[in-house]
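Let me begin by presenting the structure, written as structure tokens, before commenting on it.
In UniProt numbering, the protein residues as written are 1 to 122.
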């Protein structure tokens, strides 16, 4: 008689710490850009070290900071919130940053794993 398969366990901390399928660790210097407003939405970043800011530029050319981000926060969540379109903001490193760059397809797959949605959207 076969033993039942054990449920697949998903460890969000390990997923966000180690490079793997659809995930790479990137290093950015202060003032280096993660992505630009209007660019294609193809990945999300998980900030492992450093600080970043999100800015938007209005049609009139005025720039505004809309968010300051720190360790343990996601950058570019709009990439997995719906249909991929243009980025809504520019993300820039304030200090030297280490981040996990996660491809859109891999992040969507991971969202369906146990605990992931609450980590991202809480």
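Just so you know, even glycine gets a beta-carbon here, dropped at the ideal spot from N, CA and C.
Through-space distance from residue j to residue i, alpha-carbon basis
| i | j | result |
| --- | --- | --- |
| residue 16 | residue 33 | 21 Å |
| residue 90 | residue 31 | 11 Å |
| residue 92 | residue 18 | 23 Å |
| residue 108 | residue 51 | 25 Å |
Residue-level contact to chain D via CB, residue i, 8 Å cutoff
| i | result |
| --- | --- |
| residue 109 | Looking at the structure shown, chain D is missing, and only one protein chain is on hand. |
Cβ distance (whole Å) where residue i is taken to contact residue j below 8 Å
| i | j | result |
| --- | --- | --- |
| residue 42 | residue 103 | 7 Å |
| residue 106 | residue 22 | 3 Å |
Close Cβ partners of residue i (< 7 Å) along its chain, the five nearest in sequence each way excluded
| i | result |
| --- | --- |
| residue 49 | 71, 97 and 98 |
| residue 73 | 47 |
| residue 58 | none |
Close-in-space but distant-in-sequence residues of the same chain around residue i (CB under 6 Å, 5 per side omitted)
| i | result |
| --- | --- |
| residue 79 | 41, 44 and 104 |
| residue 53 | 65, 68, 92 and 94 |
| residue 101 | 24, 26, 43 and 45 |
Spatial neighbours of residue i in its chain, beta-carbon cut-off 8 Å, leaving aside the 5 residues before and after
| i | result |
| --- | --- |
| residue 76 | 34, 35, 41, 43, 44, 45, 87 and 91 |
| residue 84 | 40, 41, 42 and 104 |
| residue 56 | 37, 63, 64, 66, 88, 89 and 90 |
Cross-strand partners of residue i (DSSP beta bridge)
| i | result |
| --- | --- |
| residue 57 | 63 |
| residue 75 | 45 |
| residue 91 | 35 and 54 |
Does the pairing of the region 54-72 with the region 18-29 give three or more beta-carbon distances under 8 Å? Of all C-beta pairs linking the region 54-72 to the region 18-29, fewer than three are shorter than 8 Å, placing the two stretches out of contact.
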